[in-house]
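Using this note's numbering, the first residue of the sequence shown is number 176, and each one after it goes up by one. From the three backbone atoms N, C-alpha and C, an ideal C-beta is built for every residue, glycine too. Being a predicted model, the structure only gives us computed values, none of them experimental. Quick notes on the structure that follows.
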Amino acid sequence: MTVVSNKPRMTAAQARATEPALTAWVGASAGTGKTHVLTARVLRLMLTGTKPEHIVCLTFTKAAAAEMKNRIFAELGRWALMSDEVLAAEINRRTEEYPDEHMLVRARELFAEVLDLSSGLQIQTF
């Protein structure tokens, strides 16, 4: 049985930074959750219809880029195996979206779609 993460929901400001219709610049001190927010933003963009190959993320360090990729792949891999109700709860906790049946299907397809990208997920450094 897959269990929903015990991590807390995002704050209101963090959730606002993941809103797909907004352009966001996330800046904060080390350890404040920037990677968490940016990962959630990428997941939310993909869930709401943005093709993974149309997303480009820029970070200041190779370590941050690698961490974002690892988190996104890990999350998508978990989503592919969750039951509908657990997946719906996790998507809502992670992205503030209220998933319908179409979004649940999309969430399960994203792992393979991202793995199949010829250029890989575009998370790069300045």
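Rounded C-alpha distance that separates residue i from residue j
i: Thr225; j: Arg281; result: 11 angstroms
i: Thr198; j: Lys237; result: 23 angstroms
i: Ser293; j: Ala188; result: 34 angstroms
i: Arg246; j: Phe301; result: 20 angstroms
Under the three-state DSSP convention, the category residue i falls into
i: Thr186; result: coil
i: Ile298; result: strand
i: Thr214; result: helix
i: Thr225; result: coil
i: Met176; result: Because Met176 carries a pLDDT of 49, less than 50, the predicted location of this residue cannot be relied on, and the following value inherits that uncertainty. Correct three-state label for Met176: coil.
i: Thr270; result: helix
Test item: CB-CB of residue i and residue j under 7 angstroms
i: Gln297; j: Leu233; result: no
i: Thr210; j: Met257; result: no
i: Pro274; j: Ala264; result: no
Neighbour flag for residue i against chain E, beta carbons, 7 angstroms
i: Arg219; result: Although the question refers to chain E, the structure presented lacks it and comprises just one protein chain.
- Query: Taking three-plus beta-carbon pairs below 8 angstroms as touching, is the stretch 249-261 in contact with the stretch 276-286?
  - Reply: yes
- Cβ pair count under 8 angstroms reaching 3, the stretch 259-277 against the stretch 210-224: Yes: at least three Cβ pairs fall under 8 angstroms.
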